[in-house]
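Scroll down for the structure; my scribbles are underneath it.
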Amino acid sequence: MARSPTDTIKFLTPDEIGRLLAAARANVRDRALFLIAYRHGLRASEVGLLRAGDLDLRTLRLMVHRLKGSHSGAHPLQPDEAKALRAWLRQCPQPPSPVLFPSNRGDPIARRTLDWLMKKYGEIAGLPVAKRHFHCLKHSIATHLLEAGADLRFVQDWLGHSNIQNTVVYTFLTARSREGAARRAFLNMPRY
3 MARSPTDTIK
13 FLTPDEIGRL
23 LAAARANVRD
33 RALFLIAYRH
43 GLRASEVGLL
53 RAGDLDLRTL
63 RLMVHRLKGS
73 HSGAHPLQPD
83 EAKALRAWLR
93 QCPQPPSPVL
103 FPSNRGDPIA
113 RRTLDWLMKK
123 YGEIAGLPVA
133 KRHFHCLKHS
143 IATHLLEAGA
153 DLRFVQDWLG
163 HSNIQNTVVY
173 TFLTARSREG
183 AARRAFLNMP
193 RY
């Protein structure tokens, strides 16, 4: 018997995201990278691809490089993301690295390191052990966008999915999106 997406996909609630970001607040690099990874639905390996040149704080844009056959593209930044990135860039080691989120050695931050950080901050934030995986951030933004009423095609584009079926799976996780879609669909239908 095939497992349901609700059994296999773990995502953080908005409260859990808030607790995770609060746990990382003391480290400006980690807070910025968690916020960017969550908001833009980045895989751990995609965080390491970000370069300082991909960031334009004047126009509030970030070039996101996708892997696994997904589509790359320029994403707008929200004011809190720009603030977190500015705080990180003020603290960056000099001379500045071409890597946006370097390791202590100046290399792109490794997937293992990001997973370790997720476990560390997840424990501080009191997240369930099953949700202390970096990829939960990508699952979280997908479900949060759908619950907020975002169009499925927008979420597909935002996550860089080349196949809509990779996005549709998130609709099974959000009861609110199903309820909202039903309300909108039946709003103008005749009443019996």
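Under our numbering, residues 3 to 194 are what the sequence shown spells out, in order. Note that the Cβ used here is the ideal one computed from N, Cα and C, for glycine as well. Note that the structure is predicted; figures quoted are calculated from it, not measured.
Nearest-angstrom Cα distance between residue i and residue j?
i: G108; j: S164; result: 32 Å
i: Y40; j: F136; result: 9 Å
i: L175; j: V157; result: 14 Å
i: L57; j: P81; result: 14 Å
i: Y172; j: I111; result: 28 Å
i: K122; j: L129; result: 10 Å
i: K12; j: P100; result: 33 Å
i: R113; j: N106; result: 14 Å
i: L161; j: L189; result: 30 Å
i: S74; j: T15; result: 26 Å
i: D117; j: R134; result: 8 Å
i: P95; j: S72; result: 32 Å
i: A150; j: P98; result: 37 Å
i: P78; j: Y194; result: 45 Å
i: M65; j: L35; result: 14 Å
i: G124; j: P192; result: 49 Å
i: D17; j: R31; result: 21 Å
i: R155; j: L62; result: 23 Å
From the options, pick the residue whose C-alpha is nearest to that of residue i; which is it?
i: K85; options: L139, R134, E18, I38; result: I38
i: R60; options: E83, R68, A152, H42; result: E83
i: N29; options: I166, A89, L139, G128; result: A89
i: S47; options: L62, V170, H67; result: H67
i: I126; options: A25, T15, I19, P16; result: A25
i: R27; options: F188, I143, L119, T145; result: L119
i: A76; options: F103, L91, P16, G55; result: G55
i: L23; options: R33, L14, T15; result: R33
i: T10; options: Q167, G151, H141; result: H141
i: L147; options: V170, V131, P192, R134; result: V170
i: N168; options: L62, K70, G20; result: K70
i: P104; options: D153, I166, L52, A152; result: L52
i: D159; options: D17, E18, H42, L91; result: H42
i: T115; options: G50, L62, L102; result: G50
In terms of residues, what are the limits of the alpha helix (DSSP H) holding residue i?
i: P78; result: Here P78 belongs to no alpha helix (DSSP H); instead the beta strand (DSSP E) covers 75-78.
i: R63; result: Here R63 belongs to no alpha helix (DSSP H); instead the beta strand (DSSP E) covers 63-66.
i: K85; result: 81-93
i: A39; result: 30-41
i: L175; result: It is not in any alpha helix (DSSP H) - L175 carries neither H nor E in the DSSP assignment.
i: P16; result: 16-25
i: S47; result: 46-49
i: V157; result: 154-161
Between residue i and chain D, is the shortest Cβ-Cβ distance under 8 Å, so that the two count as touching?
i: A86; result: As a matter of chain content, chain D is missing from the structure shown, which is built from one protein chain.
Does the ligand GTP have even one heavy atom less than 7 Å from the beta-carbon of residue i?
i: E83; result: In terms of ligand content, the structure shown is empty, and the ligand GTP therefore cannot be addressed.
Worksheet entry | Complete alpha helix (DSSP H) runs within the stretch 113-143 (minimum length 4 residues, chain order) | 113-126
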